[in-house]
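Add 71 to the 1-based position in the sequence shown for the numbering used here, that's all there is to it. We put the beta carbon where it would ideally sit given N, CA and C, even for glycine.
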Amino acid sequence: MNLRKFVAPTSHAALKLLRCALGPEAVVLSTRQVGGQCEILALPGDEASRLATAAPAQPPAGANPRRAANAPRPQPLQDWAAGRDATRAPAPGEGAATAWVDARPSRPPQPAESPRPGPVPGPVQAPKPASAQVPVAKPAREAEAPAPLMAELRRLRELVESQGGALTWLQAGHGRPLRADLMRELLGAGFSAWFAREVTGRLPDDYAAERARAWLREAIAKNLRCAPGPESLLEAGGVFALVGPTGVGKTTTTAKLAARCVVRHGAQSLGLISTDTYRIGAQDQLRIYGRILGVPVQVCHDAESLKSALAALAGKRVVLIDTVGMGQRDPRVGEQAGVLDACGARRVLLLNAAAQADSLDEVAQAYGARSCAGAALTKVDEAVTLGGVLDVAIRHRAELQFITTGQRVPEDLHGAAGAFLAHRALRVPPRAWAPRPEEFGLVAAASLAGLATGAPLAR
Numbered sequence: 072m073n074l075r076k077f078v079a080p081t082s083h084a085a086l087k088l089l090r091c092a093l094g095p096e097a098v099v100l101s102t103r104q105v106g107g108q109c110e111i112l113a114l115p116g117d118e119a120s121r122l123a124t125a126a127p128a129q130p131p132a133g134a135n136p137r138r139a140a141n142a143p144r145p146q147p148l149q150d151w152a153a154g155r156d157a158t159r160a161p162a163p164g165e166g167a168a169t170a171w172v173d174a175r176p177s178r179p180p181q182p183a184e185s186p187r188p189g190p191v192p193g194p195v196q197a198p199k200p201a202s203a204q205v206p207v208a209k210p211a212r213e214a215e216a217p218a219p220l221m222a223e224l225r226r227l228r229e230l231v232e233s234q235g236g237a238l239t240w241l242q243a244g245h246g247r248p249l250r251a252d253l254m255r256e257l258l259g260a261g262f263s264a265w266f267a268r269e270v271t272g273r274l275p276d277d278y279a280a281e282r283a284r285a286w287l288r289e290a291i292a293k294n295l296r297c298a299p300g301p302e303s304l305l306e307a308g309g310v311f312a313l314v315g316p317t318g319v320g321k322t323t324t325t326a327k328l329a330a331r332c333v334v335r336h337g338a339q340s341l342g343l344i345s346t347d348t349y350r351i352g353a354q355d356q357l358r359i360y361g362r363i364l365g366v367p368v369q370v371c372h373d374a375e376s377l378k379s380a381l382a383a384l385a386g387k388r389v390v391l392i393d394t395v396g397m398g399q400r401d402p403r404v405g406e407q408a409g410v411l412d413a414c415g416a417r418r419v420l421l422l423n424a425a426a427q428a429d430s431l432d433e434v435a436q437a438y439g440a441r442s443c444a445g446a447a448l449t450k451v452d453e454a455v456t457l458g459g460v461l462d463v464a465i466r467h468r469a470e471l472q473f474i475t476t477g478q479r480v481p482e483d484l485h486g487a488a489g490a491f492l493a494h495r496a497l498r499v500p501p502r503a504w505a506p507r508p509e510e511f512g513l514v515a516a517a518s519l520a521g522l523a524t525g526a527p528l529a530r
């Protein structure tokens, strides 16, 4: 096997050496960093094609060797191993596709033995040719590759796609370094590869670094839907139910909104309801806040008691409902939404800014963020990065009503300002789990492989 190794300071320089030595048809087997140098192992294109065609199709057990000798051979895998169609020009990054085929030497076909004529009376007839005696097997049956080879080819295809994504990242970074730097910042801030690709793809080419980063903050803020503040929610009036998973801060946030309402409109304008009958001490916590504010708290155990409580509070300007926390995979989430909608309550979804982005995306889907009256970001002070929760809010087009930054009631309740959130999201401190610069290509390739896209971004 003519295996070649190329070492250069950068991956681009190593690929350039590879193409000069082996041509554009070369097949990359592996890339790695060794002592600050980029090392690439590759095979010439003709060598990879020869290895692909050398893998024999094993006949099934008990098959007639004469049939194996006369059966049609399966089609060679030369075009697949080369990683491109023979009729089109190679696209950028396709020459670095990875392939590996089992190259065990095949046995040369053994000639079929002529049958020995037995003693028969009369003259002995010449034996007929073997091809006339043995019927030719169906080509479709013999053309099937063995299962181990097909499994190996599927594994190679996945490897080719992953390395192709990494090489695309490397080429983009070499051609447009500023755009690659901004994409790296977005990924490090917790944004998804989909969002980073969509935003940086719209960056004007003539922008300098400082102007490009200002443009990036404006782009993030523009795609966030932010309400003027919690006061707008209270001024509009109505029945609002705070919903979300367990531990997201619904009871404390209810107390903060209640305090704001009492300060602006008086205790007589507010009604408080608690439906959290599962968590120990949840009702007592809200009752303590209500006693401080001078507002009684009604406890509801089912849909009928909730309707009765809302009917009794019909004259209130604002009614706040503290609901029971449910995980996003709890089947009762849909039932809760149906009960609240039937009672005329407007749902406000609370998103924990310190939670994982994948979990937040499931929460937004399960609770129907698009159908809610708004959303709020809690525990912003505890979040290391804000990119994940902002990405989810943009993806699901949720309108951010307010954010919370601590446990103080009501001081730690603020309006959701897009400019502040964008600035806070891009201000990422050094982290132990942050990927190194040379690893962002693999991170981007893996993220783009199966990530669902969101709503179209604003221009």
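DSSP state of residue i mapped onto helix, strand, coil
| i | result |
| --- | --- |
| A113 | strand |
| S101 | strand |
| D393 | strand |
| A85 | helix |
| A153 | In this prediction, A153 scores a pLDDT of 42, lower than 50, which makes its location untrustworthy; the coordinate-derived value is nonetheless stated afterwards. A153 falls in the helix class under three-state DSSP. |
| F77 | strand |
| H336 | helix |
| E482 | coil |
| F262 | coil |
| L457 | coil |
| A267 | helix |
| E96 | coil |
| T317 | coil |
| V499 | coil |
| T325 | helix |
| A446 | strand |
| G342 | strand |
| V370 | strand |
| C91 | helix |
Counted within 10 angstroms of its Cβ, other Cβ atoms place residue i as buried (16 or more) or exposed
| i | result |
| --- | --- |
| G259 | buried |
| R103 | exposed |
| D276 | exposed |
| Q472 | buried |
| Q407 | buried |
| K450 | buried |
| A197 | Low per-residue confidence applies at A197: pLDDT is 44, beneath 50, and the placement is therefore not dependable, though the value from the model is reported in the following sentence. Flag for A197 reads exposed. |
| R250 | buried |
| Q339 | exposed |
| P219 | exposed |
| R255 | buried |
| A285 | exposed |
| P136 | Interpretation of P136 is limited by its pLDDT of 44, a score under 50 that renders its predicted location unreliable; no figure is taken from the coordinates. |
| K327 | buried |
| S345 | buried |
| L268 | The sequence shown places Arg at residue 268, rather than the Leu named in the question. It is buried - the Cβ of R268 has at least 16 other Cβ atoms within 10 Å. |
| R225 | exposed |
C-beta atoms of residue i and residue j nearer than 9 Å
| i | j | result |
| --- | --- | --- |
| C443 | V389 | no |
| A330 | P481 | yes |
| A435 | A454 | no |
| A446 | A312 | no |
| A298 | A487 | yes |
| Q356 | V370 | no |
| A426 | A464 | no |
| V99 | P115 | no |
| V404 | A437 | yes |
| L461 | A496 | yes |
| T325 | I392 | yes |
| L112 | S101 | yes |
| H485 | G365 | no |
| L411 | R418 | yes |
| S263 | G459 | yes |
| A280 | D252 | yes |
Three or more C-beta pairs closer than 8 Å, one from the region 311 to 323 and one from the region 493 to 501: is that the case here? no
Those runs of the alpha helix (DSSP H) which lie wholly inside the region 271 to 313 and span at least 4 residues: 280 to 294 and 301 to 307
Is the region 273 to 289 touching the region 301 to 311, taking contact as three or more C-beta pairs under 8 Å? no
Just list the beta strand (DSSP E) runs in the region 376 to 434, keeping only unbroken ones of 3 residues or longer that don't cross its boundaries, in chain order. 389 to 393 and 417 to 423
Is the region 100 to 116 close to the region 76 to 83, with three or more CB pairs under 8 Å? yes
Pairs of beta-carbons, one from the region 394 to 404 and one from the region 360 to 377, closer than 8 Å: are there three or more? no
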